[in-house]
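Please read the structure below before turning to the comments.
The following block contains the structure:
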């Protein structure tokens, strides 16, 4: 097909047509100006419309056969390692990377961790979503007080792969930065907060080593903040308290307090 278009371009060129006139006559063939220019230049220099003879060493590694073999392997198992495939097919690792990325147009993506949901959990979540959708269908989402806790660990974070220290010798590195201390139970701080569309509660800092059970949840959160939230945050209008299903939240003691 390309040979026929090149032949048409040369025919019009020999008939005295300019490049712009050739472009108009071949607009149905989706010809661009650069193709016309290069075809005429090739014809003037070589007397032919065929491809020029390639210079340099012919491709011997990223061949069509290798490309097809790698494509079939990936289709059978997308989790294949490029390094392992390069060893199996006896090619350079960089050659394999270029073949996969440039020739096949693929990228390497990391697998993501997700929570496993069995059929029972899926049904429960679906029921809750239907109930919430029905409850707030009238546009009362600004009357919800969302709450949650977050545990902050007071411990130095490090990246095992990229956390490096530059030094001439290992012995020259001070112990204060050479090692990262780890303890079984590091210092931590738990913070509770509730937020709505227009306001928020006070931040509640849970004392160190205090376990959040039904009693502490009632004493630290429910009675000081939630009991008066309707008056402080919603001016005594109807409102909803949204919490997750943590043991302290879903216990009989806490549910009895809500009722």
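Residue numbers (UniProt numbering): 1 to 259.
Just so it is clear, CB atoms sit at the ideal spot from N, CA and C, and this is done for glycine as well.
CA-to-CA distance, residue j to residue i, given in whole angstroms
i: residue 86; j: residue 162; result: 26 Å
i: residue 188; j: residue 152; result: 5 Å
i: residue 213; j: residue 202; result: 20 Å
i: residue 46; j: residue 109; result: 47 Å
i: residue 235; j: residue 177; result: 54 Å
i: residue 198; j: residue 140; result: 13 Å
i: residue 137; j: residue 239; result: 14 Å
i: residue 6; j: residue 88; result: 43 Å
i: residue 230; j: residue 237; result: 7 Å
i: residue 228; j: residue 118; result: 39 Å
i: residue 210; j: residue 220; result: 11 Å
i: residue 215; j: residue 247; result: 12 Å
i: residue 128; j: residue 116; result: 18 Å
Same chain, Cβ closer than 7 Å to residue i, five either side skipped, listed in chain order
i: residue 96; result: 82, 85 and 86
i: residue 155; result: 186
i: residue 35; result: none
Residue i classed as buried or exposed, judged by whether at least 16 other C-beta atoms fall within 10 angstroms
i: residue 256; result: exposed
i: residue 31; result: buried
i: residue 217; result: buried
i: residue 39; result: buried
i: residue 121; result: exposed
i: residue 194; result: buried
i: residue 59; result: exposed
i: residue 9; result: buried
i: residue 144; result: buried
i: residue 253; result: exposed
i: residue 22; result: buried
i: residue 196; result: buried
i: residue 114; result: exposed
i: residue 183; result: exposed
Candidates the options, of which the one nearest residue i by Cα
i: residue 157; options: 143, 128, 180 and 176; result: 180
i: residue 4; options: 29, 253 and 19; result: 29
i: residue 111; options: 27, 168, 78 and 126; result: 78
i: residue 258; options: 14, 237 and 223; result: 223
i: residue 37; options: 54, 19 and 27; result: 19
i: residue 241; options: 148, 14 and 52; result: 148
i: residue 102; options: 62, 27, 245 and 114; result: 62
Cβ neighbours of residue i in the same chain (closer than 8 Å, five flanking residues each side left out)
i: residue 106; result: 74 and 100
i: residue 104; result: 67, 70, 71 and 74
i: residue 17; result: 25
i: residue 48; result: 42
i: residue 167; result: 173
Same chain, Cβ closer than 6 Å to residue i, five either side skipped, listed in chain order
i: residue 249; result: 243
i: residue 1; result: none
i: residue 150; result: 191
i: residue 225; result: 201
i: residue 12; result: 22
What runs of the beta strand (DSSP E), each 3 residues or longer, lie entirely inside the region 129-155? 144-154
Please give the ranges of any beta strand (DSSP E) in the region 161-211, keeping only runs that are unbroken, at least 3 residues long and fully inside the region. 187-195 and 204-206
Ordered list of alpha helix (DSSP H) runs contained in the region 69-101, each at least 4 residues: 82-88 and 93-98
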